[in-house]
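S.K.:
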Amino acid sequence: MTTAVLPASFDPITCGHVDIATRAARLFDRLIVAVHAHPKKNVLFPIDVRLAMVRDSLSGAENIEVVKYDGLTVDLVRKLGANVLIRGLRAVSDFESEYQQATLNHKMLPSLEVMCMFASMEYSFLSSSIVKEIAEYGGDVSWMVPEAVLVRLRERFPAAAAPVGVEK
Ligand code: ADP
3 MTTAVLPASF DPITCGHVDI ATRAARLFDR LIVAVHAHPK KNVLFPIDVR
53 LAMVRDSLSG AENIEVVKYD GLTVDLVRKL GANVLIRGLR AVSDFESEYQ
103 QATLNHKMLP SLEVMCMFAS MEYSFLSSSI VKEIAEYGGD VSWMVPEAVL
153 VRLRERFPAA AAPVGVEK
């Protein structure tokens, strides 16, 4: 049985993450999507909201489980008895940090294979931070995020629900 883990902060989950999760779930018996509770960066949504958004967005897939975790990703992988870590690659700019993380994770847990999957073309410019920035200024992010996220973004940024106006 091959178990893969897809870890991220998901602040919030985007259609790019959903695409990677759905494609990865077809390759493995079990995919565990792991939401990092306290990443070393400022997050907009608290862990339980991020977790709920990930759960709601991936509810259709049978072999996907969603968990939250803290601490080192390799410790979670060890605890779950997983063999593979999945990461998404958008542009060359992702490569350097993904390569660094993959090398360090492999060094800490040599039985772990890190696999990077290329982002689908339509999502290759999408990131959680760009979604938050556009939503904050009232831009349309409906094609970038699942419905469960859109609802929370509209609560958080009421301007996101209003049409974008031209300043006079
Ligand atoms: P973090 O950097 O906190 O782990 P991110 O959400 O920024 O969380 O990224 C998690 C993983 O998802 C990374 O491997 C990243 O490259 C990937 N990812 C993020 N956005 C996309 C996207 N639009 N398409 C494919 N992969 C993505």
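Our numbering runs 2 ahead of the 1-based position in the sequence shown. From the three backbone atoms N, C-alpha and C, an ideal C-beta is built for every residue, glycine too.
Using a 10 Å radius around the Cβ and a threshold of 16 neighbouring Cβ atoms, would you call threonine 75 buried or exposed?
M.R.: Buried, since its Cβ has 16 or more Cβ neighbours within 10 Å.
S.K.: Can you tell me whether DSSP reads threonine 16 as helix, strand or coil?
M.R.: Coil at threonine 16, not helix or strand.
S.K.: Kindly list the residues whose CB is nearer than 8 angstroms to the CB of methionine 55, restricted to its own chain and excluding five residues on each side of it in sequence; keep chain order.
M.R.: If we look at methionine 55 and ignore the five residues flanking it on each side, its Cβ neighbours are Phe12, Pro14, Ile15, Phe47, Pro148, Ala150, Val151, Arg154.
S.K.: Specify whether the segment 20-27 and the segment 58-68 touch according to this definition: at least 3 beta carbon pairs, one from each stretch, less than 8 angstroms apart.
M.R.: Short answer: they touch.
S.K.: Taking DSSP as the reference, what is the three-state secondary structure of glutamate 100?
M.R.: In this structure, glutamate 100 counts as helix in the three-state DSSP scheme.
S.K.: With burial defined as no fewer than 16 other Cβ atoms inside 10 Å of the residue's Cβ, what is the status of glycine 90: buried or exposed?
M.R.: When all chains shown are included, glycine 90 counts as buried.
S.K.: With contact counted as at least three CB pairs below 8 angstroms, one residue from each stretch, are the segment 138-145 and the segment 102-115 in contact?
M.R.: These segments do not touch.
S.K.: Determine whether the beta carbon atoms of threonine 5 and leucine 82 lie at a separation below 8 angstroms.
M.R.: Their beta carbons are under 8 angstroms apart, which means threonine 5 touches leucine 82 by this criterion.
S.K.: Are the CB atoms of methionine 117 and isoleucine 88 within a distance shorter than 8 angstroms?
M.R.: Yes, Cβ-Cβ distance for isoleucine 88 and methionine 117 is below 8 angstroms.
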